[in-house]
Amino acid sequence: MTLHQPLQWHSCCIAIPWSDIILIITLNKHPLEKFMISVIEAHQILHENMPVPVTEIVGLADAHLRRLSDDIEAPESSPRYTNSAMDGFAVRWEDCSEASSDHPVCLKVIGESQAGIPFKGIITSSSAIRISTGAMLPEGADTIVRVEDTRENGENVEILSVKTKGQDVRYEGEEFKKGTRLFSKGMVLGARELALLAAVGQYTVPVYAPPKVAILVTGTELAPPDTTDIKSHQIRDSNSIMLAAAVRESGAHISSISHIKDSLEQTIEAVKNASMTGNRIILCSGGVSVGKHDHVKEAALTAGFKELFWKIRQKPGKPLFVCRLEGTLLFGLPGNPVSAFMCFINYVRPVLAELQGVESIHHSITAKTIKRVSNTGSRTNFIRVTVENKPNKLAVITEMTQQGSHMLSTIVHADGYIVLEPGQILEPESLVEVFLF
């Protein structure tokens, strides 16, 4: 799993490389933050508690866009047999090496080799075999003369030109030999790859099984997105739509999407059901903070899950809760849409990727700041930015003015985010890594 690597910090001080100076900045941390873990610690805990990826064997018809779980070696050579690259005549080089338009060589046509219907005899001195593109080269022949370099005359053919011995012959195994590695573990099978596998008779392939994911959205205040008579005290559920799309974009399979009211009993039942139906990941949205009606943590522990961590020194997404029951991980995502999305991007997506044999899924670029960007807080800050590409220059970024965790439009209009540690300052023209959405 590829992790973000923000600077580690201990106690109340952090060391920040900036220009060529090391600044030591003292931070005033909230008393409760001593119980939180760092972003790096959260990633490490997840890495240590990864479920084992599941693999399966599928036929080529079901293998499109699947990722190989093992190397594939060619079960046979390509081409499978020596054949003609052109329509023409199969000949012996020694019979017509001196042929020219002024002094053509006359050969007797004794048969034909078609694609799928080979000539079964042996070519002899001063004879030729009519041959089609892709047809097997007859025994005794070593050269192909193209149709346009010949002149037919009854049962004979005049050879007007032949340049080299072996001309237009495709030799068995010249593309690759049997046992050659065709694809490595981790390759995503597209149309081209599937065509090659079919061509060599590799009709089944080992692939990673898409992880099954259950989505549980909590909140009595939530109304379905298509509600037309929404009440004044309700909000439309956007998280189930967002998380479902994000899961699919990550290559995983959604087994169920459920809406749960803020009831401990309902939450326990939903978590138990999701944990017993083969899901590798359970995504809960909302109900993970410290409010009276936040039940996800208690419900998960009651259902038998073991807590891995709760609350991270990060913004947004502080109340992220993660636990495990055997081969299932449960992520308790914050209810605020931006927080839920950022936690998915930074923690859930890497897990889904690793379950499918992917080592790195973060797409990043190096860019420059236009204005000063700083993190004056005491938590790692994921700051949403816009990126402007410059011809033949480094891209430049601008911090979005609105960073609220409830403002969905900010992740729509942002191109990505940067990671700033507590007290870190980026002056104008500073280089920074931008993680793209």
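Quick note, my numbering runs 22 ahead of the 1-based positions in the sequence shown. For glycine and all other residues, C-beta sits at the position ideal for the given N, C-alpha and C.
Check: Can you round the beta-carbon distance between Lys199 and Asp92 to whole angstroms, since I take them to be within the 8 Å contact cut?
Finding: That pair is no contact at about 20 Å.
Notebook entry, point to check: Could you check where the alpha helix (DSSP H) with Phe205 kicks off and where it finishes?
Noted result: Careful: Phe205 lies outside any alpha helix (DSSP H), inside the beta strand (DSSP E) at Arg203 to Phe205.
Notebook entry, point to check: Does the segment 95-108 come close enough to the segment 214-232 to have 3 or more Cβ pairs within less than 8 Å?
Noted result: yes
Next item on the list: Quick one: measure Cβ to Cβ for Pro140 and Ala157, integer angstroms, because I've assumed they're closer than 8 Å.
Entry: 7 Å
Next item on the list: Please classify Leu448: is it buried, with 16 or more other beta-carbons within 10 angstroms of its beta-carbon, or exposed?
Entry: buried
Note to self: Residues in the same chain with beta-carbon distance under 6 Å from Ala375, minus the five sequence neighbours each way, listed in chain order, please.
What the structure shows: Ile383
Next item on the list: May I ask which residues mark the beginning and end of the beta strand (DSSP E) holding Pro359?
Entry: From DSSP, Pro359 is part of no beta strand (DSSP E) but of the alpha helix (DSSP H) over Pro359 to Cys365.
Margin query: I need the straight-line Cα distance from Leu129 to Gly201, nearest angstrom please.
Written below: 40 Å
Check: Which same chain residues, not among the five before or five after Pro450, have their C-beta less than 7 Å away from its C-beta?
Finding: Thr391, Ile392, Lys393 and Arg394
Next item on the list: Specify, as a first and last residue, the run of the beta strand (DSSP E) that Thr442 falls within.
Entry: Reading off the sequence, residue 442 comes out as Leu, not Thr. Here the beta strand (DSSP E) through Leu442 covers Gly438 to Leu442.
Margin query: With distance defined between alpha-carbon atoms, name the residue in Thr432, Arg152, Lys415 and Glu196 nearest to Asn178.
Written below: Arg152
Checklist line | Closest by C-alpha distance to Ser438, when choosing among Leu458, Ser280 and Gln425 | finding: Per the sequence shown, residue 438 should be read as Gly rather than Ser. When each option's Cα is compared against that of Gly438, the closest is Leu458.
Item checked: Own chain partners of Asn50 with C-beta closer than 6 Å, once the 5 adjacent residues on each side are dropped -> Note that Asn50 scores 48 on pLDDT, short of 50, meaning its location in the model is unreliable and no value can be drawn from it.
Next item on the list: Give every residue of the same chain whose Cβ lies closer than 7 Å to the Cβ of Ser277, excluding the five residues on either side of it in the sequence, and list them in chain order.
Entry: Lys234, Val235, Ala236, Thr299 and Asn301
Item checked: Cβ distance (whole Å) where Leu352 is taken to contact Ala322 below 8 Å -> 5 Å
Check: What separation, rounded to the nearest whole angstrom, lies between the Cα atoms of Lys187 and Asp164?
Finding: 7 Å
Margin query: Let me confirm a value: Ala325 is counted as buried when at least 16 other C-beta atoms fall within 10 Å, else exposed. Which label applies?
Written below: buried
Check: Relative to the C-alpha of Asp109, which residue among Ala121, Arg192, Leu87 and Ala362 is closest?
Finding: Arg192
Margin query: What does DSSP give as the partner residue(s) for Trp332 in the beta ladder?
Written below: Phe343
Checklist line | Touch test, the segment 403-414 against the segment 428-443, Cβ-Cβ under 8 Å, three pairs minimum | finding: yes
Next item on the list: Compute the distance between the beta-carbons of Leu218 and Ala85, then report whether it is under 9 Å.
Entry: no
Next item on the list: On the DSSP bridge assignment, give the partners of His281 in chain order.
Entry: Val239
Note to self: Contact defined as beta carbons within less than 8 Å: I believe Met264 pairs with Phe363. What is the distance between those atoms, to the nearest angstrom?
What the structure shows: 6 Å
Notebook entry, point to check: The beta strand (DSSP E) spanning Asn403 covers which residue range?
Noted result: Thr402 to Glu410
Next item on the list: Please name the residue or residues paired with Met158 in a DSSP beta bridge.
Entry: Asn105
Note to self: Contact between the segment 282-289 and the segment 336-345 is defined here as three or more beta-carbon pairs at a separation below 8 Å; is this criterion met?
What the structure shows: no
Checklist line | Ile387, DSSP secondary structure in three states | finding: strand
Checklist line | Cα-Cα separation, Asp259 to Leu204 | finding: 46 Å
Notebook entry, point to check: Can you give, in chain order, each stretch of the beta strand (DSSP E) that sits fully within the segment 261-321 and has at least 3 residues?
Noted result: 275-282 and 303-307
Notebook entry, point to check: With 16 as the cutoff for other CB atoms within 10 Å, does Gly212 come out buried or exposed?
Noted result: exposed
Check: Roughly how many angstroms lie between the CA atoms of Ile145 and Glu161, to the nearest whole one?
Finding: 6 Å
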